[in-house]
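Student: Quick one: this structure, given as structure tokens, is what I'll be asking you about.
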Amino acid sequence: MSLYDFFRRTRLVSDIILEAFLRVPREEFVLPEYIKYAYVDEPLPLIDGATISAISMSLLLCEYAGIKPGNEVLEIGTGSGYQAALIAEIVCEKDEKGRIRECSNKKPVCTIEISEKLYHYAKENLERLCYTRCVEVRHGDGTLGWPDKARKFDAIIITAAGDKIPPPLLDQLKIGGRLIMPLGRGFWQELIRVTRRGKSRKDIIVERLEPVRFVYLRGAYGIEE
Numbered sequence: 001m002s003l004y005d006f007f008r009r010t011r012l013v014s015d016i017i018l019e020a021f022l023r024v025p026r027e028e029f030v031l032p033e034y035i036k037y038a039y040v041d042e043p044l045p046l047i048d049g050a051t052i053s054a055i056s057m058s059l060l061l062c063e064y065a066g067i068k069p070g071n072e073v074l075e076i077g078t079g080s081g082y083q084a085a086l087i088a089e090i091v092c093e094k095d096e097k098g099r100i101r102e103c104s105n106k107k108p109v110c111t112i113e114i115s116e117k118l119y120h121y122a123k124e125n126l127e128r129l130c131y132t133r134c135v136e137v138r139h140g141d142g143t144l145g146w147p148d149k150a151r152k153f154d155a156i157i158i159t160a161a162g163d164k165i166p167p168p169l170l171d172q173l174k175i176g177g178r179l180i181m182p183l184g185r186g187f188w189q190e191l192i193r194v195t196r197r198g199k200s201r202k203d204i205i206v207e208r209l210e211p212v213r214f215v216y217l218r219g220a221y222g223i224e225e
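With the working numbering applied, the sequence shown has no gaps in its numbers, which climb one by one up to 225 at the end.
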């Protein structure tokens, strides 16, 4: 049984996320020595101590965040660019041939990578596959939020584990927006969903989703090893 058939049969994620999975060539986002494992549902090593998440986890992050067409999404931890590509296939406007349209104004998918090596690697991957038509890639400390502080997002996905929710990211969630992150230290962490119900930081609901294992979040609100 193919991964697609398995995900469809188990109803792990919605159809729109499954379609995004079919459209994004994961082999373009893994290191050459791991291409033969590109469609094995396991994390794979990247450069600079990072990993690309298992396929099922990449899809679940989109599902838990409730990402829909037209949403504005911020990703913290670009990695190789695979997650950003999945998000782009879901939210970005497409032409009659199904190709992502060039955004003339602000791009709906924003992603920040703290590792300079990974930033260049991810940007090259996303540019090569034309995802930068609607994805903006930045190098910097994502725990401090997107540089344009007035920008608000429908969903924020943090792809590394921290021991606290970065306050600047809460400030950039729209009312009704969802933030997904692995929370905790140690071998296992807990994936949580934070939903903002009002203007105050007190107006948030935190849900525990499932145990996960991620690398540690780096930056001002990350974990010092």
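Quick reminder that beta carbons are idealized off the backbone N, C-alpha and C, glycines included.
Going by CA-CA distance only, name the one from L173, G186, Y34, I223 that's closest to D203.
Tutor: It is L173.
Student: Determine the burial state of W146: buried for a count of at least 16 other Cβ atoms within 10 Å of its Cβ, exposed for fewer.
Tutor: By the neighbour-count rule (16 or more Cβ atoms within 10 Å), W146 is buried.
Student: Since I205 and V73 are thought to touch, with beta carbons under 8 Å apart, how far apart are those beta carbons, to the nearest angstrom?
Tutor: Rounded, the Cβ-Cβ distance is 19 Å, inconsistent with contact.
Student: For C130, does the count of other Cβ atoms within 10 angstroms reach 16, so buried, or fall short, so exposed?
Tutor: C130 is exposed by the Cβ-count criterion.
Student: Does I47 pass the burial test, meaning 16 or more other C-beta atoms within 10 Å, or should it be called exposed?
Tutor: Exposed: under 16 other Cβ atoms inside 10 Å.
Student: What number of angstroms, rounded off, separates the C-alpha of G77 from the C-alpha of I223?
Tutor: Taking the straight line from one Cα to the other gives about 14 Å.
Student: Could you spell out the range, first to last residue, of the alpha helix (DSSP H) harbouring E28?
Tutor: From DSSP, E28 is part of no alpha helix (DSSP H); its letter is neither H nor E.
Student: Which same chain residues, not among the five before or five after Y37, have their C-beta less than 8 Å away from its C-beta?
Tutor: V30, L44, listed in sequence order.
Student: Can the beta-carbon of E63 be found closer than 8 Å to that of A54?
Tutor: It is not a contact, given that the beta carbons lie outside the stated cut-off.
Student: Taking 7 Å as the cut-off, is the C-beta of Y37 nearer than that to any heavy atom in the ligand ATP?
Tutor: Because no ligand of any kind appears in the structure shown, any question about the ligand ATP cannot be addressed here.
Student: For the alpha helix (DSSP H) that V91 lies in, which residues bound it at each end?
Tutor: 82-91 is the span of the alpha helix (DSSP H), which, as asked, contains V91.
Student: Relative to the C-alpha of R26, which residue among G81, I67, E210, E207 is closest?
Tutor: Among G81, I67, E210, E207, the Cα nearest to that of R26 is on G81.
Student: Based on Cα-Cα distance, which residue from E207, I175, D163 lies nearest to G295?
Tutor: Not covered by the structure: residue 295. The range shown for the chain is 1 to 225.
Student: Checking 8 Å against the spacing of the C-beta atoms, do A155 and L183 come in under that value?
Tutor: Going by C-beta atoms, A155 is not nearer than 8 Å to L183.
Student: Using only the alpha-carbon positions, how far apart do L126 and A20 sit?
Tutor: In a straight line, the C-alpha of L126 is about 15 Å away from that of A20.
Student: Does the pairing of the region 134-148 with the region 189-204 give three or more beta-carbon distances under 8 Å?
Tutor: As far as the Cβ criterion goes, the region 134-148 does not touch the region 189-204, which means the pair count is below three.
Student: Can you list the alpha helix (DSSP H) stretches of 4 or more residues lying completely in the region 35-121, in chain order?
Tutor: Taking only runs of at least 4 residues, the alpha helix (DSSP H) segments lying wholly in the region 35-121 are 55-64, 82-91.
Student: Determine the direct distance from the alpha carbon of C110 to that of L144, and round the result to whole angstroms.
Tutor: Taking the straight line joining both Cα atoms gives about 14 Å.
Student: Would you list the one or two residues that DSSP bridges to R208?
Tutor: R208 pairs with I192.
Student: Which of helix, strand or coil does DSSP assign to I16?
Tutor: Helix at I16.
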